[in-house]
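Residue numbers (full-length UniProt numbering): 1 to 204.
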């Protein structure tokens, strides 16, 4: 991990109520969201460290509507009626809001995505290139879906990628570990957040 604070950004992915709050859609569907909270505290700690070190922070959120849903995904998941099946992160809903742990501060960018990758049909790459960002530290949910896809996509676009293993989360522990193992070395550097903070503070 060879970065300077002038070329690194912290990317927070899908830390929204529908994914991370017990009253959100995932929680209501029976997923153990309470198990997320220990890692969410560590994510918040890393976010605060980034702010202290003046690391640029970009929040990436998902929004789903009948206008933007993928027909192929609907078919894969057996969703025959797009509108009646919209329950995650509908635009303007409480569920689509960023969890209170991670409320953006003034000046922090928010990027809206409609696919698993934070780069597809968004202005994320424009923001990064325009600000000289070459290294991304990616945290959030879910490790085996949007974190994995975004990290791989970033690597394919020649960004250096770091994924702090204790600051990403999934509702499936096996898939979480499998995703990190597949990312390590080929697409990203997988380390503990302690190492990231040391790098930001110039301690290593």
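Note that beta-carbon positions come from the ideal geometry of N, C-alpha and C, so glycine has one too.
Terminal residues of the continuous alpha helix (DSSP H) containing residue i?
i           : result
residue 130 : 124 to 130
residue 41  : 37 to 52
residue 194 : 193 to 200
residue 25  : 25 to 28
Give me the Cα-Cα distance between residue i and residue j, rounded to the nearest whole angstrom.
i           : j           : result
residue 103 : residue 198 : 24 Å
residue 105 : residue 31  : 29 Å
residue 187 : residue 119 : 15 Å
residue 81  : residue 16  : Because the pLDDT of residue 81 is 44, which lies under 50, any placement of that residue in the model is unreliable, and the number read from its coordinates should be weighed accordingly. If you take the alpha carbons of residue 81 and residue 16, they lie about 24 Å apart.
residue 101 : residue 45  : 10 Å
residue 29  : residue 202 : 43 Å
residue 33  : residue 112 : 23 Å
residue 85  : residue 53  : Below a pLDDT of 50, predicted positions are generally treated as unreliable, and residue 85, at 46, falls in that range; no measurement from the model is reported.
residue 27  : residue 109 : 27 Å
In the DSSP assignment, what are the bridge partners of residue i?
i           : result
residue 149 : For residue 149, which the question treats as bridged, DSSP gives no partner whatsoever.
residue 184 : 188
residue 141 : 169
residue 164 : 191
residue 59  : 12, 110
residue 98  : 16
residue 136 : 9, 161
So, using beta-carbon positions, are residue i and residue j closer together than 8 Å?
i           : j           : result
residue 57  : residue 126 : no
residue 147 : residue 161 : no
residue 89  : residue 62  : yes
residue 200 : residue 35  : no
residue 167 : residue 139 : yes
residue 159 : residue 135 : yes
residue 64  : residue 98  : no
residue 143 : residue 182 : no
residue 150 : residue 95  : no
residue 165 : residue 190 : yes
residue 194 : residue 39  : no
How about residue i: is its Cβ closer than 7 Å to a heavy atom in the ligand FMN?
i           : result
residue 149 : For the ligand FMN, the structure offers nothing, since it holds no ligand at all.
Need the endpoints of the beta strand (DSSP E) that residue i sits in, please.
i          : result
residue 15 : Premise fails: residue 15 is in no beta strand (DSSP E) and is neither H nor E.
Which residue wins for smallest C-alpha separation from residue i, given the options the options?
i           : options           : result
residue 7   : 90, 128, 119      : 128
residue 13  : 52, 173, 115, 159 : 115
residue 92  : 22, 18, 136       : 18
residue 107 : 42, 190, 55       : 55
residue 152 : 184, 132, 131, 42 : 184
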